[in-house]
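Notes follow once the structure below has been shown.
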Amino acid sequence: MKRTASMKENHLFRRAYNRGKTAADGRLALYVRRNGQKNNRLGLTVSTKVGCAVVRNRIRRRLREIYRLNEDKLVSGADVVVVARVRAASSDYHQLERSFLKLADKLELLKKEGIK
RNA sequence: CAAGCAAGCUGGACAGCCGCGCGCGCAGGUCGAAAGGCCGCUGCGUGAGGAAAGUCCGGGCUCCACAGGGCAAGGAUAACGGGUAACACCCGCCGGGGGCGACCCCAGGAAAAGUGCAACAGAAAUAGACUACCCCGCCGGACUUGUGCCGACGAGGAAAAGGUGGAAAGGCGAGGUAAGAGCUCACCCAAUGGCGUGUCAAGCGCCCAUUGCUGUAAACUCUAUCCGGAGCAACGCCGUGGGAACACAACAGGCCGGCCCGGCCGUGUUCAGGAGGCGGCUGGAGCGCGUUGGCAACAGCGUGCCUAGAUAGAUGGCUGUCUUAAAUGACAGAACCCGGCUUACAGGCUUACUUGCACC
RNA sequence: AGCGGAUUAGUGUAAUGGUAGCACACCAGACUCUGACUCUGUUUGUGAGGGUUCGAAUCCUUCAUCCGCUG
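Each number in this note's numbering comes from the position in the first sequence (counting from 1) with 5 added on.
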């Protein structure tokens, strides 16, 4: 099994914000852009407005876990940036997962058999 | 039993499946001449806190400056004795304040070296005469015609009474005086010196002496002690492209290419710079237990243990059981490392003590 | 992560330790047939807690919030 590839450079984030497709609800915001490669890459943004270091770490871990467990349902070859909003701090894992899948469906990220 | 006070501990545990960082191992794969790198594994071990936080003090460590001493400037600390690598920390003790008490709080040196400030109020704010008091002079009034009484004015005496204010000239009583005043005396208070005591201490005591002086130093200042600056994004090593200086050279050499032909490039050394990478990086003023010294903080000795090291940043997700009133968490995430302080914190446990009530 | 700075009415900005001002804004009134302009007046404040002082916006201290520099 492949490890989750992550985005680290600032210019990749900027490209996703400026040129990518967007979907958002109260908890999360998703930015997606084709990267021309075989694999998907994940970028996470949790700003200091959301909470203190413990809260931000918890959200980041949950989002990483959601992405890991749902990675095989996604189409490949995209950069995905997930931005946590303030209400994500008071949401549990299941609420975050539902938001993520709904937004991914909106952006036509899910494979056909993944939607079912 | 109730209320309180102080110190210390704890900050869920276990199991299953999936997943992560680091170290070790591997008969695995791949690259490499090798060293080793990268990937992998039903593998093994290990993996956040009491505050990891705020960055308020003190150090270690690294570089820079000075390389010896002193002065000035700037800053810090402040009863006294001890502890410590050091401290604005800790312990003991003294003084002051609070509480019935256990106990808690205090930047707590010098205002009697000097300067500044003290609004408003008040007559007066570091020195003073507004009212009231007393003596003298002079004028007026009443009558019981007194070297007496009342009232106005002038010149003095006097800090005793009054109200203001945070603060009013040591306090109270007696003597004294025209009226008064530490002017004198007894007692008390404060400061300084002496004696005794205390750790040759702060301090406490004295039927010893002298003096009687507002507050403010978290105003300037004085006294004593201490302090060079910057910080792991420090610093060291490797080092792409491009740059500068010097030397050599127009031959040779290097690259592409199986070779010739052909095409492209000046070469070497040094320096600055610093994309990126590696080190710095965790074994330390370390922790536990016992013992000795000490009231204690702490120190010595013995013995056992090794306990994160990431680099966009590892502890998460799902489920079950147990303790529980509650575990979908209280506060909260190491980032070079220590010693403190401060701030945040649901609850739970232990020990000592105080007060009140009841019973023996 | 390290380092530095700031906080005064709704907004901008003053104030040697001694009643916290000024301008604009808001509100009310006057002027006007009505509105604007103009004039007059009122309200609204020292980020929070503790300390020093007779008395703190100011001095000291502990926090909170915001901003900036170093990649």
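Backbone N, C-alpha and C fix where the C-beta goes; we use that ideal spot for every residue, glycine too.
Small disclaimer: the values here were computed from a predicted structure and weren't measured.
Which residues DSSP lists as bridging residue i, in chain order
i     : result
THR27 : TYR36
THR53 : According to DSSP, which records beta bridges pairwise, THR53 is partnered with nothing at all.
7 Å Cβ shell around residue i - same chain, five flanking residues per side excluded
i      : result
VAL125 : Summary: the structure shown does not reach residue 125, with the chain confined to residues 6 through 121, and so no result is reported for it.
CA-to-CA distance, residue j to residue i, given in whole angstroms
i      : j     : result
ALA89  : VAL37 : 15 Å
ARG69  : THR50 : 11 Å
ARG32  : TYR98 : 12 Å
LEU108 : LEU47 : 15 Å
LYS78  : CYS57 : 32 Å
ALA83  : ASN40 : 5 Å
Close Cβ partners of residue i (< 6 Å) along its chain, the five nearest in sequence each way excluded
i      : result
GLU102 : ILE71
GLU118 : At GLU118, the pLDDT of 48 sits below 50, so the modelled position is not reliable and the matter cannot be decided from this model.
SER96  : ARG32
Integer-rounded CB distance, given that residue j should sit under 8 Å from residue i
i      : j      : result
VAL124 : LYS116 : The structure shown does not extend to residue 124, since the chain spans only 6 to 121, so no value can be given for it.
ASN45  : ALA10  : 7 Å
Go through the stretch 69-109 residue by residue and report every complete run of the beta strand (DSSP E) that reaches 3 residues or more, in order. 83-89
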